[in-house]
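My numbering numbers the first residue of the sequence shown as 9 and each following residue consecutively. Beta carbons: idealized from backbone N, C-alpha and C, even for Gly.
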Amino acid sequence: MKRGKFIAGNWKMNKGAAESLAFLVKLISLLEKVKEIESRVPDPVNVALFPQAINLLSMGEYLRNSKINIKLGIQNIHWQLSGAFTGENSIKSAVEAGSSFALVGHSERRHLFQEGNDIISKKFTSCLENGLKPVLCVGETEHQKNQGSTEKVIEDQVRSVFSTETMALLDIGRVYIAYEPVWAIGTGVTPTPEQAQDMHAFIRSLIPESRRDTTRILYGGSLSAENALEFFRQPDIDGGLVGGASLKPAVFREIVLAAVQARS
Ligand code: PGA
9 MKRGKFIAGN WKMNKGAAES LAFLVKLISL LEKVKEIESR VPDPVNVALF PQAINLLSMG
69 EYLRNSKINI KLGIQNIHWQ LSGAFTGENS IKSAVEAGSS FALVGHSERR HLFQEGNDII
129 SKKFTSCLEN GLKPVLCVGE TEHQKNQGST EKVIEDQVRS VFSTETMALL DIGRVYIAYE
189 PVWAIGTGVT PTPEQAQDMH AFIRSLIPES RRDTTRILYG GSLSAENALE FFRQPDIDGG
249 LVGGASLKPA VFREIVLAAV QARS
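As structure tokens, this is what we get:
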């Protein structure tokens, strides 16, 4: 089956309010050209940005009147809908501000903020229950790779979110997975597109059968305008989660264009 490509920009803790809006103005004008190409191909490439939570509202308002369909996502949410959780973001507020997606289990959350599979699984379920599409990030560290435990680590990370409870919710929301080897994030080093494809096929085999063919699996980790096309040509790579290369509109646009090219 053919899954539409999905390109997401993870801005992490970068870009203030004015800079975020200036980026949108520029990106929209650049993507208008991509749209001309796109109108000739059947299934659209979807684009999403994950800014700092504080800038979601103004970006959401700006995008409401945009000719180009750019979705928004939040980088981190709490699994409870409200309460005494100083500093956390609620799913309801994220939705109100215009978010459709949430990153769950990004390696920086796993490793800098000690989030384990138990917390990640609660966040994943709460997204499905409350109207955000979770983008589950999985990936092995360099140490785990060198120990030969990559597949075990990924398997635990993927299986921890697919419980009977979440399976019952899967009809409500669509799930995305991003394979991001930790050693490839922000380093300029990547697996080969073929190695990434093997991991994506493995991850797909772990997804419950009813959702296996429809779940988009993105690649992330040092994606660039130069290497994106080769990754996106792989049959199980359905787009990308882009960090550093999503910060410049012209570079990000090249990556979106690579996704359009990979499909045609
Ligand atoms: P990078 O980050 O593209 O800068 O490697 C990817 C990510 O952390 O999602």
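Residue range of the alpha helix (DSSP H) that includes residue i
i      : result
Ile82  : Unbroken run through Ile82 is the beta strand (DSSP E), Ile78 to Ile82; no alpha helix (DSSP H).
Leu265 : Pro257 to Arg271
Arg117 : Ser115 to Leu120
Glu96  : No alpha helix (DSSP H) holds Glu96; DSSP gives it neither H nor E.
Arg167 : Thr158 to Arg167
Ala176 : Thr172 to Leu177
Lys153 : Glu150 to Gln155
Leu89  : Unbroken run through Leu89: none, as it is neither H nor E.
Ala236 : Ala236 to Phe240
Proximal residues to residue i (C-beta, below 6 angstroms), its chain only, five neighbours per side dropped
i      : result
Glu123 : Arg117
Ala92  : none
Val35  : One detail in the question is off: residue 35 reads as Leu in this sequence, not Val. Cβ within range, chain order: Pro257.
Gly17  : Leu57, Val250, Ser254 and Phe260
His119 : none
His114 : Cys145
Arg219 : Leu178
Ala192 : Thr198, Gly229 and Ser230
Val190 : Ser115, Gly147 and Thr149
7 angstroms CB neighbourhood of residue i in its chain, flanking five on each side removed
i      : result
Thr174 : Phe132, Thr133 and Leu136
Asp244 : Gln205, His208, Ala209, Arg212 and Ile225
Val161 : Glu148 and Gln152
Tyr70  : Leu29 and Leu32
Gly68  : Leu80, Ala105 and Gly106
Gly252 : Gly194
Leu214 : Glu163, Val166 and Arg167
Ala233 : Ala253, Val259, Glu262 and Ile263
Ala267 : Lys13, Ile15, Val53, Phe240 and Gly247
Arg125 : It should be pointed out that residue 125 corresponds to Asn in this sequence rather than to Arg. Contacts found: Asp164, Gln165 and Ser168.
Gly196 : Ser230
Counterpart residues of residue i in DSSP-defined beta bridges
i      : result
Phe109 : Gly81 and Lys141
Leu249 : Ala16 and Gly228
Ile185 : Leu144 and Ile225
Beta-carbon proximity list for residue i, same chain, < 8 angstroms, skipping 5 on both sides
i      : result
Asn22  : Gln60 and Leu255
Glu159 : Phe210
Glu188 : His114, Ser115, Cys145, Val146, Gly147, Tyr227, Gly228, Gly229 and Leu249
Ala102 : Ala61, Leu64, Ile82, Ile85, Ala110 and Leu140
In chain order, which continuous runs of the beta strand (DSSP E) of length 3 or greater are located wholly inside the segment 14-73?
Unbroken beta strand (DSSP E) stretches of 3 residues or longer found wholly inside the segment 14-73: 14-18 and 54-58, given in chain order.
Given 8 angstroms, three or more beta-carbon pairs between the segment 201-220 and the segment 130-139
By the Cβ rule, the segment 201-220 does not count as touching the segment 130-139, because fewer than three pairs are nearer than 8 angstroms.
Extract the residue ranges of the beta strand (DSSP E) inside the segment 195-234, only unbroken runs of 3 or more that lie entirely within it.
Qualifying beta strand (DSSP E) stretches, in chain order: 224-228.
The segment 102-113 contacting the segment 56-72, beta-carbon criterion three pairs below 8 angstroms
Taking 8 angstroms as the limit for Cβ pairs, the verdict is that the segment 56-72 does touch the segment 102-113.
Would you be able to state if there are at least three C-beta pairs under 8 angstroms between the segment 223-242 and the segment 193-204?
The way I'd put it, the segment 193-204 does touch the segment 223-242; three or more beta-carbon pairs between them come closer than 8 angstroms.
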